[in-house]
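Residue numbers (full-length UniProt numbering): 1 to 409.
A short write-up of the structure that comes next.
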């Protein structure tokens with residue numbers, strides 16, 4: 001599934017790639033700037049493992065990517081020959097960087113097992129690269145023009161709290177070819193770094209997602225945070241969507257920011273709910289509550305209640321709710337005791353599991369537990385005390401007082 005603006009340009013790119021492959025009787029591949037395949041010709045001549053892996057897995061292996069960029073493709077302004085890399089089972093290639101003065105769109109590759117193109121072949125490849133540059137440049141211009149209206153609709157969709165109004169917005173999306181009435185959505189949010197133009201990076205992210213996973217319609221809303229909306233048929237498998245998003249964000253921004261996810265797919269009429277869930281999940285991801293780069297709202301358990309509480313109260317008022325014993329440990333900088341307490345409580349008070357997880361001798365753990373009992377002024381075997389302390393630790397993290405590995409008071 002592709003967005004309506006990109007579809008026509010994709011057809012034109014395919015025609016250029018196919019025509020070049022026929023003219024040279026060589027396999028041709030067009031990658032984006034991160035060496036993710038955009039399109040490719042049918043098999044012509046010999047192929048190597050790199051080409052096969054790229055087409056089947058829609059990626060270039062990390063070690064091959066590193067070798068090619070070390071060779072200089074990332075800074076090349078004109079076409080260049082790539083020698084064979086036997087260690088990677090890569091045959092010689094002729095590479096045409098597809099770039100303008102200010103933007104690199106990708107790379108056009110012609111696999112040349114014998115290291116030579118027919119007479120005039122290099123010129124044909126360079127002409128094809130110029131034609132692709134023109135198409136990609138016009139595609140991006142068209143997408144930017146189309147983005148404004150589309151983003152206004154998406155903003156209305158994720159801001160529509162009244163369930164009776166949502167179908168009308170979905171109907172407009174359907175009219176524009178952006179969604180179907182029975183589609184489902186997943187929403188993701190993250191804070192981008194400030195090193196890039198927000199609108200350009202957001203568009204590049206959308207294009208990368210569209211090229212990587214064509215089973216969904218992908219939309220991005222630039223900002224702080226940046227929002228990703230994945231729209232798919234109701235029967236689509238959503239198990240790997242978060243991984244797709246995380247990798248696309250890494251490739252587009254060059255970093256691995258915390259990402260909040262709405263989790264399980266929701267009916268498109270509930271996109272506003274998904275937006276709220278992703279926003280709250282992001283606040284938890286940023287304090288490491290999810291245990292990974294992407295915090296899935298549907299998998300955050302009791303953290304969800306605290307996130308809602310935190311949003312309603314604000315950080316300053318949350319501090320008032322933190323157990324005074326926890327506050328005292330934070331003020332003393334006793335990160336060792338705080339980590340011990342958090343691990344002990346997470347393991348249900350199981351001394352053996354806690355000692356193993358923290359790589360502590362049991363005598364050391366018992367000593368720390370004695371110190372903790374003194375610090376918090378309560379019995380750590382009491383269920384209510386444990387609940388109060390776990391709540392206090394989590395509230396302290398939400399309030400920005402404490403994060404495992406670092407105290408800030």
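Yeah, the Cβ is synthetic: ideal placement off N, Cα and C, and Gly gets one too.
Here the structure is a predicted model, which is why all the values come from computation and not from measurement.
Spatial distance of residue i from residue j (CA atoms)
| i | j | result |
| --- | --- | --- |
| residue 161 | residue 274 | 11 Å |
| residue 19 | residue 12 | 11 Å |
| residue 50 | residue 56 | 10 Å |
| residue 357 | residue 287 | 21 Å |
| residue 110 | residue 245 | 30 Å |
| residue 26 | residue 207 | 27 Å |
| residue 192 | residue 224 | 7 Å |
| residue 296 | residue 284 | 10 Å |
| residue 333 | residue 388 | 20 Å |
| residue 197 | residue 144 | 13 Å |
| residue 382 | residue 184 | 45 Å |
| residue 36 | residue 401 | 41 Å |
| residue 214 | residue 43 | 22 Å |
| residue 120 | residue 130 | 16 Å |
| residue 250 | residue 16 | 30 Å |
| residue 379 | residue 355 | 19 Å |
| residue 89 | residue 372 | 58 Å |
| residue 253 | residue 227 | 14 Å |
| residue 118 | residue 45 | 13 Å |
Residue i, enclosing alpha helix (DSSP H) - first and last residue
| i | result |
| --- | --- |
| residue 343 | 335-346 |
| residue 200 | 198-212 |
| residue 363 | 362-376 |
| residue 354 | 351-358 |
| residue 398 | 383-398 |
| residue 176 | Unbroken run through residue 176: none, as it is neither H nor E. |
For residue i, the residue or residues it bridges with in DSSP
| i | result |
| --- | --- |
| residue 186 | 230 |
| residue 266 | 185 |
| residue 169 | For residue 169, which the question treats as bridged, DSSP gives no partner whatsoever. |
| residue 313 | Looking at the DSSP assignment, residue 313 forms no beta bridge with any residue, so it has no partner. |
| residue 253 | None; residue 253 has no bridge partner. |
| residue 296 | 261 |
Limits of the unbroken beta strand (DSSP E) element including residue i
| i | result |
| --- | --- |
| residue 39 | 37-40 |
| residue 96 | 93-99 |
| residue 105 | 104-111 |
| residue 73 | It is not in any beta strand (DSSP E) - residue 73 carries neither H nor E in the DSSP assignment. |
Selected residue, minimal CA-CA separation from residue i, among the options
| i | options | result |
| --- | --- | --- |
| residue 377 | 351, 399, 326 and 22 | 326 |
| residue 84 | 335, 68, 98 and 396 | 68 |
| residue 203 | 276, 363 and 103 | 103 |
| residue 329 | 341, 211, 135 and 318 | 341 |
| residue 139 | 105, 122 and 22 | 105 |
| residue 180 | 187, 200 and 216 | 216 |
| residue 279 | 267, 298 and 269 | 298 |
| residue 127 | 142, 153, 151 and 99 | 99 |
Where residue i falls: helix, strand or coil (DSSP)
| i | result |
| --- | --- |
| residue 82 | strand |
| residue 408 | With a pLDDT of 36 at residue 408, under the threshold of 50, the modelled position of this residue cannot be trusted, and the question is left open. |
| residue 322 | coil |
| residue 151 | helix |
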